[in-house]
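Enquirer:
There are 2 protein chains.
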Amino acid sequence: MIELIQNGNVTSPLGFLAGGTYAGLKAPGDEVLDLGILISESQASIAATFTTNNVPSPSVVLSKERAVSDTVIGVIANSGSANCCVGSQGYEDAKEMSALAGGHLSVNPEDMLVCSTGVIGVELPMALIRQNIGNIKATSDGGHDFAKAIMTTDTRSKELAISFDVGGKKVTIGGAAKGAGMIHPNMATMLAFITTDASVGKAFLQKSLSESVGQSFNMIDIDNDQSTNDTVLALSNGKSGTDEIDENSPYSNIFKEGLTYVCVELAKEIVRDAEGAQRMMEVTVDGAVSVEDAAKAAREISTSMLVKTMLHGGDPNWGRLMMAIGKSGIKIKESKIDIYINEIQIVHEGQTISFFKDAVVSAMNASEVKFGISLNVGDASATAWGCDLTEEYVVFNSAYST
Amino acid sequence: MIELIQNGNVTSPLGFLAGGTYAGLKAPGDEVLDLGILISESQASIAATFTTNNVPSPSVVLSKERAVSDTVIGVIANSGSANCCVGSQGYEDAKEMSALAGGHLSVNPEDMLVCSTGVIGVELPMALIRQNIGNIKATSDGGHDFAKAIMTTDTRSKELAISFDVGGKKVTIGGAAKGAGMIHPNMATMLAFITTDASVGKAFLQKSLSESVGQSFNMIDIDNDQSTNDTVLALSNGKSGTDEIDENSPYSNIFKEGLTYVCVELAKEIVRDAEGAQRMMEVTVDGAVSVEDAAKAAREISTSMLVKTMLHGGDPNWGRLMMAIGKSGIKIKESKIDIYINEIQIVHEGQTISFFKDAVVSAMNASEVKFGISLNVGDASATAWGCDLTEEYVVFNSAYST
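Chains A and B are the protein sequences, given in the same order. Read in order, the letters of the first sequence correspond to residues 1 to 402 in this note's numbering. Read in order, the letters of the second sequence correspond to residues 1 to 402 in this note's numbering.
1) Using beta carbons (cut-off 7 Å, strictly below), is B/E412 in contact with chain A?
2) Does the distance from the CB of A/L128 to the CB of A/V75 come in under 7 Å?
3) Does A/E391 have its Cβ less than 7 Å from a Cβ in chain B?
4) Are there three or more Cβ pairs, one per stretch, closer than 8 Å when the segment 62-77 of chain B is compared with the segment 306-318 of chain A?
5) Only counting the same chain, and skipping five residues up and downstream in sequence, which positions put a Cβ closer than 6 Å to that of A/L191?
6) Ends of the beta strand (DSSP E) at A/V283?
7) I'd like to know if A/I5 contacts chain B, where contact means its C-beta is closer than 7 Å to some C-beta of that chain.
8) Residues bridged to A/C387 by DSSP?
9) Of all the options B/D286, B/I2, B/E282, which has the alpha carbon lying nearest to the alpha carbon of B/K308?
10) Rounding to the nearest angstrom, what Cα-Cα distance links A/S45 and A/A234 in this structure?
11) At least one CB of chain B closer than 7 Å to the CB of A/G372: is that the case?
12) Among the residues of its own chain, which have a CB less than 6 Å from the CB of A/S98, if the five just before and after it don't count?
13) Label B/P56 either buried or exposed according to how many other C-beta atoms from any shown protein chain fall within 10 Å of its C-beta, with 16 as the threshold for buried.
14) With DSSP run on the structure shown, which of helix, strand or coil describes A/C263?
15) Any contact of the segment 329-339 of chain A with the segment 246-264 of chain A, i.e. 3+ C-beta pairs under 8 Å?
16) Just the C-alpha distance for A/G319 and B/G20, rounded to the nearest angstrom, thanks.
17) So with Cβ pairs under 7 Å, would you call A/N229 a contact of chain B?
18) State the DSSP-derived secondary structure class of B/E292, mapped to helix, strand or coil.
19) At a Cβ threshold of 7 Å, is A/V394 touching chain B?
20) Over the uninterrupted alpha helix (DSSP H) stretch that includes B/L205, give me the two end residues.
21) At a Cβ cut of 7 Å, what residues of the segment 340-371 of chain B count as close to chain A, listed as they run along the chain?
22) Would you grab the beta carbon distance between A/S40 and A/G174 for me? Rounded to a whole angstrom, and I think it's under 8 Å.
23) Can you find a CB in chain B that lies within less than 7 Å of the CB of A/I73?
24) At a CB-CB cut-off below 9 Å, which residues of chain A make contact with B/W318?
25) Leaving out five residues before and five after A/V107 in sequence, what residues of the same chain have Cβ atoms less than 6 Å from its Cβ?
26) Between the C-alpha atoms of A/P316 and B/G90, what's the straight-line distance to the nearest angstrom?
27) Where does A/V360 fall in DSSP's three states?
28) On a CA-only basis, which of B/I373, B/K95, B/K170, B/A288 is nearest B/Q345? Give me that one, please.
29) If you count every other CB in all the chains shown that lies within 10 Å of the CB of B/S354, and 16 or more means buried, which is it?
30) Pick from A/V32, A/K239, A/K296: whose alpha carbon is nearest that of A/I220?
31) Hey, could you find the ends of the alpha helix (DSSP H) B/E65 is sitting in?
32) On the three-state DSSP scale, how would you describe B/N78?
33) Within 10 angstroms of its Cβ, does B/N229 collect 16 or more other Cβ (buried), or is it exposed?
34) Between the segment 325-337 of chain A and chain B, which residues of the former have CB atoms less than 8 Å from a CB of the latter, in chain order?
35) Could you check where the beta strand (DSSP E) with B/V232 kicks off and where it finishes?
36) Note down, one range per segment and in chain order, each beta strand (DSSP E) of at least 3 residues found wholly within the segment 79-144 of chain A.
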């Protein structure tokens, strides 16, 4: 039984401290938080997934190297600069950021990961980081400040925490994320931080995280582009005092379920807060021959510009859904496909049925629209989330950045 | 030496006849041409490429079956309905269209291909086609009418013809295409028809067409979606009276060059006339380890929503080009990448150089913008074309269709 914690965040699990400060990295004079630290009181198991973009930020490169360890202490994160496409200086700066954090917190710099998000192609203003890092107070109620410090074009912070019972003891999982809204061009990064006081070793934590990310962050789309800095980190410090949870534990399923819940909620929040977006779509494809096929079709639909514009217009233009399914290349039989919009069936066996158009248009006039596709050729299903494409998106992303 | 023919079109090559009529398939009362026929006076070698979408129009299915023959006589094409997602009726209707055309022209219906473009999910109004097909007069100067009859949301017809010398005789290649502009939602199809009086057998014609399409229609992008009806047909009837041109002919290269020229020009016209588009981009990637890599990166750039919006804003936001290159997954070395915008270098060895921003912004304030990417890791290159993403695109494609 998973319970949602009110105002929960990354410091809701026991033994995690966080904080943020204004260092002037984003807009000078804005006094918004732009430098944050999240640490565990003691060594925590680390699991992570990183962008597969071949032009990664040196902050990603450094964190990837260090995340190979079984345990780390925490992470320092900045917004304002992605620390990307800046040559060899980027790696030096990422290392110095971790050294400054280590010095300030009296921890081993090698146990600190580094995350950066912001404009590509400008160097980190290290002088500002050196001057201001000392102002960060890492406290057990600093999770909200940390979530604010990693925001770029997000209009609100994205955070939550849940708890569940493990052998009579409460285990908590907290999370914070930032989205890929891009009002200011080039500020494109998805970062997510998950903390838990569960006792989980690196191997099971990584396996669980990879599965959860596959069903959440990897199933959302805003504009089909992939950041140079995308990172999801999970830290587990065992402070809940339970027995270790691994593959064979009776609590392995509830842990994976909780972790997936946190990842899905954060992922959906990123979509809801996507730049320019007015509507979210949840695309569920079932009856596929494999989960891979179902996921491929669901993503093809959620990323299609023609589907995104029809969502924006509140238009039950099902031919575009068929087009996207066909384009995905998965195994289908056209004459078996059924399509539902907010649970109203509009296509039966590949052909339109005489649905009441006004009812469907009305059903699409919602902040969240569900597209259901039944392929009826197998038993596998998958869900993806996306947002509408709006005039605002075009206007925001056409503005000068340089 | 390739020469452009003034006002050239699909009936410029010897022995081709075409025409169109108003049948009421698009907007009743509009009196625009919507049903067209293109035939050769005698059997013509046929080569074709079709959509790979798994939900193809039955018109595509029928044409694909018939294009297996060495020769055909011609094609009947309609706009207004894509004849797609209409169940088994679609195949019956496509067959009847070819039978009606065969009867009208006194040719074997099996020698007629069928192309449809327009709304997905509505049946062809066969009664209107039966009533009006008799009005089509196929003449040797009807190429322009044919080009108009296949238009949907295109704002202008797309046609040209070129000629070159083969052993002292003039050989002509003509072409007509329609684009994937989608002012009226769901009307998404690229159709192209190439005619030539060259004497070319099926095998060499198909090989040449596939190569030309790979460098032209397959390298353009408007919105990353793929129609259920995309078709390119090439007909060669030998009326120029030259020796046969095949792989070993001294004229094989000039023929391929001419065919590619026609395909590239039609493809670029489709991009220029894309719905809502105000600017075209030409993306050339050189110094790649393979043509496949170069093409992949060029297409990744030309299809990126963030690149399309930066093109719209006239913004030299090079981080987005780096992002797209990295995302493409091809072999690169970040520290070797050079980037040029309209021949002004802005990135050297993976890092920005201090370019005069106003000059680059000014260079981008053009109807056609060239992005040049030198990867400097090999010798292969490729070019792709795309258009900007505009508010108009969103507005047009958000409108009700149903």
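Using N, Cα and C, we set each Cβ at its ideal position, and we do this for glycine too. Because the structure is a prediction, the values reported are computed rather than measured.
Expert: Put simply:
1) Within the shown structure, residues of chain B are numbered from 1 to 402, placing residue 412 of chain B beyond reach of any answer.
2) The residue you call residue 128 of chain A lines up with position 128 of the first sequence. The residue you call residue 75 of chain A lines up with position 75 of the first sequence. The Cβ atoms of A/L128 and A/V75 lie no closer than 7 Å to each other.
3) Start at 1 with the first residue of the first sequence, and residue 391 of chain A comes out as number 391. True, the Cβ-Cβ gap to chain B drops below 7 Å.
4) With the rule of 3 Cβ pairs closer than 8 Å, the segment 62-77 of chain B does not count as touching the segment 306-318 of chain A.
5) Numbered from 1 along the first sequence, position 191 holds the residue referred to as residue 191 of chain A. C115, T117, I150, K178, T231.
6) One-based indexing of the first sequence puts residue 283 of chain A at position 283. Run containing A/V283: 280-288, per the beta strand (DSSP E) assignment.
7) As a position in the first sequence, residue 5 of chain A is number 5, starting the count at 1. Output row for A/I5: interface = no.
8) Here residue 387 of chain A refers to the residue found at position 387 of the first sequence. Bridge partners of A/C387: A/M280.
9) On the second sequence, position 308 is the one that residue 308 of chain B refers to. Residue B/E282 is the option with its Cα nearest to B/K308.
10) As a working mapping, residue 45 of chain A is identified with position 45 in the first sequence. As a working mapping, residue 234 of chain A is identified with position 234 in the first sequence. Answer to the nearest angstrom: the Cα atoms are 8 Å apart.
11) In the first sequence, counting from the first residue as 1, residue 372 of chain A sits at position 372. So no, A/G372 is outside the interface.
12) Along the first sequence, read from residue 1 onward, the residue named residue 98 of chain A stands at position 98. Counting only Cβ-Cβ distances below 6 Å, and skipping sequence neighbours, we find P109, M112, V114.
13) For the purposes of this step, residue 56 of chain B is taken as the residue at position 56 of the second sequence. B/P56 should be labelled buried.
14) Translated into the one-based positions of the first sequence, residue 263 of chain A becomes position 263. Reduced to three states, the DSSP call for A/C263 is helix.
15) Below 8 Å, too few C-beta pairs join the segment 329-339 of chain A and the segment 246-264 of chain A to call them touching: fewer than three.
16) Sequence index remark: in the first sequence, residue 319 of chain A carries index 319 (1-based). Sequence index remark: in the second sequence, residue 20 of chain B carries index 20 (1-based). Looking at the two C-alpha atoms, the distance is approximately 27 Å.
17) Counting from one through the first sequence, the residue named residue 229 of chain A turns up at place 229. At a cut-off of 7 Å, the C-beta of A/N229 has no neighbouring C-beta in chain B.
18) Within the second sequence, residue 292 of chain B is the residue found at index 292, counting from 1. B/E292 sits in a helix when the DSSP states are folded into three classes.
19) As a working mapping, residue 394 of chain A is identified with position 394 in the first sequence. So yes, A/V394 belongs to the interface.
20) Along the second sequence, read from residue 1 onward, the residue named residue 205 of chain B stands at position 205. It spans 202-214 - the alpha helix (DSSP H) in which B/L205 sits, taken as one unbroken run.
21) Those residues of the segment 340-371 of chain B that come within reach of chain A (Cβ to Cβ, closer than 7 Å) are G350, Q351, T352, K357.
22) Within the first sequence, the letter at position 40 stands for residue 40 of chain A. Within the first sequence, the letter at position 174 stands for residue 174 of chain A. Rounded to the nearest angstrom, the Cβ distance from A/S40 to A/G174 is 12 Å, too far for a contact under 8 Å.
23) Translated into the one-based positions of the first sequence, residue 73 of chain A becomes position 73. The beta carbon of A/I73 does not come within 7 Å of any beta carbon belonging to chain B, so the residue lies off that interface.
24) Along the second sequence, one-based indexing puts residue 318 of chain B at 318. Within 9 Å Cβ-Cβ: C85, I120, G121, T402.
25) Taking the first sequence and counting its residues from 1, the one referred to as residue 107 of chain A is at position 107. The beta carbon of A/V107 sits closer than 6 Å to those of I73, all from its chain and outside the five residues before and after it, given in chain order.
26) Counting from one through the first sequence, the residue named residue 316 of chain A turns up at place 316. Counting from one through the second sequence, the residue named residue 90 of chain B turns up at place 90. Answer to the nearest angstrom: the Cα atoms are 22 Å apart.
27) Within the first sequence, the letter at position 360 stands for residue 360 of chain A. Three-state result, A/V360: helix.
28) Reading the second sequence from its first residue, position 345 is the one you call residue 345 of chain B. Put simply, of B/I373, B/K95, B/K170, B/A288 the residue whose alpha carbon is nearest the alpha carbon of B/Q345 is B/I373.
29) Working through the second sequence from its first residue, we reach residue 354 of chain B at position 354. Result: exposed.
30) For the purposes of this step, residue 220 of chain A is taken as residue 220 along the first sequence, with counting starting at 1. Between A/I220 and the set A/V32, A/K239, A/K296, the nearest pair of CA atoms involves A/K296.
31) Residue numbering aside, residue 65 of chain B sits at position 65 when the second sequence is read from its first letter. Residues 58-66.
32) For the purposes of this step, residue 78 of chain B is taken as residue 78 along the second sequence, with counting starting at 1. DSSP, read as helix, strand or coil, puts B/N78 in strand.
33) Taking the first residue of the second sequence as 1, we reach residue 229 of chain B at position 229. When all chains shown are included, B/N229 counts as buried.
34) Result list: I325, G326, K327, S328, G329, I330, I332, E334, S335.
35) Taking the second sequence and counting its residues from 1, one reaches residue 232 of chain B at position 232. That run of the beta strand (DSSP E) goes 231-236.
36) Within the segment 79-144 of chain A, the beta strand (DSSP E) runs of at least 3 residues that lie entirely inside it are, in chain order, 112-119.
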